[in-house]
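Peer 1: Quick one: this structure, given as structure tokens, is what I'll be asking you about.
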Amino acid sequence: MYPRILDFTPAVMASLSMTHSRESFVPLMIGKGNDQVEISTRYESREDTSVIRNYGNLIQELSRCVPDGIVVFFPSYTYMETLVATWAKTRLLDDLTKHKLVFMETTDAVETAHALEQYIRACESGRGAILFSVARGKVSEGIDFSHHLGRAIIMLGIPFVYTEGRILRARLEYLRDEFDIRENDFLTFDAMRHAAQCVGRAIRGKTDYGVLVFADRRFGKLDKRTKLPRWIQEHISPGSYNMSIEEGVHKIRRWFPYMGQPIRKEDQLGVSLISQEMFKNNPKIMEKFKNVLVEID
0 MYPRILDFTP AVMASLSMTH SRESFVPLMI GKGNDQVEIS TRYESREDTS VIRNYGNLIQ
60 ELSRCVPDGI VVFFPSYTYM ETLVATWAKT RLLDDLTKHK LVFMETTDAV ETAHALEQYI
120 RACESGRGAI LFSVARGKVS EGIDFSHHLG RAIIMLGIPF VYTEGRILRA RLEYLRDEFD
180 IRENDFLTFD AMRHAAQCVG RAIRGKTDYG VLVFADRRFG KLDKRTKLPR WIQEHISPGS
240 YNMSIEEGVH KIRRWFPYMG QPIRKEDQLG VSLISQEMFK NNPKIMEKFK NVLVEID
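Following numbering that gives the first Met the number 0, the numbering of the sequence shown begins with 0 at its first residue and continues without gaps.
Here it is, written out as structure tokens:
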């Protein structure tokens, strides 16, 4: 979409995917609760008590099986406050604090900085914590949750931008008139880009690992999931397009014990780690990387 808007022809010399010696992250698209009720943050479902309950159940179940830190991204501050207030009334928050401490981003920068500081402290102490934050907010923009700070990232709903603002309406009209870009295409592209930005905060190196949960039925649809980055799409199995909470939790419970094992250097050689000797003795490796190698004097 950007080449059309900026009027240039993209030139790709090499496009390399992520290389890991093990399955360091697992993306799951959870689209329904254990009661088979579809979960979504679309406008028609936001007041649905079954949806709100199932979102709470999802976080509750993950708090019991995911170690260390969990970051939950909501589509807006208003919706986050609505859900948290409902969970407080139903005592779900009380249950969450039995497993992990709970912190919350606010519109106040000082309060958010303090909450983030306490969240990090809880994770580093071994207590574990959950951070409720907002897509397009401060936490999603420039803070990394590497290693124990983000063993699970939950994208709760698709973070569509508020469409009634005058500036956005003018922009959408301009894109439609000048570049023939439909409103829905741009909004979906923008929302999925922000969703990928949020979940990408968890995987910050070859030794890092975590679960990426896309909690909305719409994520599993073709027009949505194909707009995710390739490094995420490559790891989504067809059976993960519309999982129930129970199915997702079952997969996570089996996955974390495996990921907790130490990484051996010999397992990385030839996959995510290549020695100088391997380059010299393996023509196939040289051929594969000849276009991206840079010789340094």
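The C-beta atom is built at its ideal place from N, Cα and C for all residues, glycine as well. It should be emphasised that the depicted structure is a prediction, and the values quoted were computed from it without experimental measurement.
Please name the residue in Ser124, Phe102, Gly125 and Glu116 whose C-alpha comes closest to that of Val133.
Peer 2: Phe102
Peer 1: For the beta strand (DSSP E) holding Phe159, just list the boundary residues, first then last.
Peer 2: From DSSP, Phe159 is part of no beta strand (DSSP E); its letter is neither H nor E.
Peer 1: Measuring only the C-alpha atoms, how far is Asp34 from Gln196?
Peer 2: In this model, Asp34 and Gln196 are separated by some 30 Å (Cα to Cα).
Peer 1: Output the residue ranges of the beta strand (DSSP E) runs that lie fully inside the region 59-101 and measure 3 residues or longer, sorted by chain position.
Peer 2: With a minimum length of 3 residues, the continuous beta strand (DSSP E) runs that stay inside the region 59-101 are 68-73.
Peer 1: Can you tell me the Cβ-Cβ gap for Leu130 and Phe159, rounded? I've got them flagged as a contact below 8 Å.
Peer 2: Going by Cβ atoms, the distance from Leu130 to Phe159 rounds to 22 Å, so no, they are not a contact pair.
Peer 1: Determine which residues share a DSSP beta bridge with Lys31 and list them.
Peer 2: Glu37 and Ser243
Peer 1: Is it buried or exposed for Pro9, if we count other Cβ within 10 angstroms and need 16 for buried?
Peer 2: The Cβ neighbour count for Pro9, taken over all protein chains shown within 10 Å, is under 16; the residue is labelled exposed.
Peer 1: Inspect the CB distances between the region 232-242 and the region 87-94 and report whether three or more fall short of 8 Å.
Peer 2: Per the Cβ contact rule, the region 232-242 is not in contact with the region 87-94 (fewer than 3 Cβ pairs under 8 Å).
Peer 1: Express the C-alpha separation of Leu174 and Val71 in angstroms, rounding to a whole number.
Peer 2: Taking the straight line from one Cα to the other gives about 32 Å.
Peer 1: Measure from the alpha carbon of Ser39 to the alpha carbon of each residue in Arg3, Ala112, Ile69 and Ile157, then state which is nearest.
Peer 2: Ile157
Peer 1: Can you tell me whether Pro228 is helix, strand or coil according to DSSP?
Peer 2: DSSP places Pro228 in coil when its eight states are reduced to three.
Peer 1: Tell me which residues share the same chain as Pro66 and place their Cβ nearer than 6 Å to its Cβ, disregarding the 5 neighbours each side in the sequence.
Peer 2: Arg150
Peer 1: For Glu110, count the other beta carbons within 10 Å of its own beta carbon; 16 or more makes it buried, fewer makes it exposed. Which is it?
Peer 2: exposed
Peer 1: Thinking just about the alpha-carbon of each residue, which of Gly68, Thr85, His146 and Glu123 is nearest to the one in Asp207?
Peer 2: His146
Peer 1: Whose C-alpha, out of Arg216, Gly209 and Lys220, is nearest the C-alpha of His258?
Peer 2: The amino acid occupying residue 258 in the given sequence is Met; His does not appear at that position. The shortest C-alpha to C-alpha distance from Met258 to any of Arg216, Gly209 and Lys220 is the one to Gly209.
Peer 1: In angstroms, rounded to a whole number, what distance separates the CA positions of Ser43 and Val83?
Peer 2: Strictly speaking, residue 43 in this sequence is Glu, with Ser absent from that position. Looking at the backbone, the Cα of Glu43 and that of Val83 are separated by about 19 Å.
Peer 1: Would Phe213 and Pro26 be called neighbours here (beta carbons separated by less than 9 Å)?
Peer 2: In this structure, Pro26 lies closer than 9 Å to Phe213 by Cβ.
Peer 1: For Phe131, which three-state DSSP category applies?
Peer 2: For Phe131, the secondary structure class from DSSP, reduced to helix, strand or coil, is strand.
Peer 1: Any idea which residues DSSP pairs Ile152 with across the strands?
Peer 2: According to DSSP, Ile152 shares a beta bridge with Val70 and Leu211.
Peer 1: Just verifying my parser: in three-state terms, what is the DSSP assignment at Ile295?
Peer 2: Only weak support exists for where Ile295 lies, its pLDDT of 47 falling under 50; the value from the coordinates is given anyway. Ile295: coil per DSSP, three-state reduction.
Peer 1: Taking just the CA atoms, how far does His98 sit from Ala303?
Peer 2: Residue 303 is absent from the structure shown; the chain starts at 0 and stops at 296.
Peer 1: With DSSP collapsed to three states, give me the class of Pro26.
Peer 2: strand
Peer 1: Can the beta-carbon of Gly30 be found less than 9 Å from the beta-carbon of Glu22?
Peer 2: No, the Cβ-Cβ distance between Gly30 and Glu22 is not below 9 Å.
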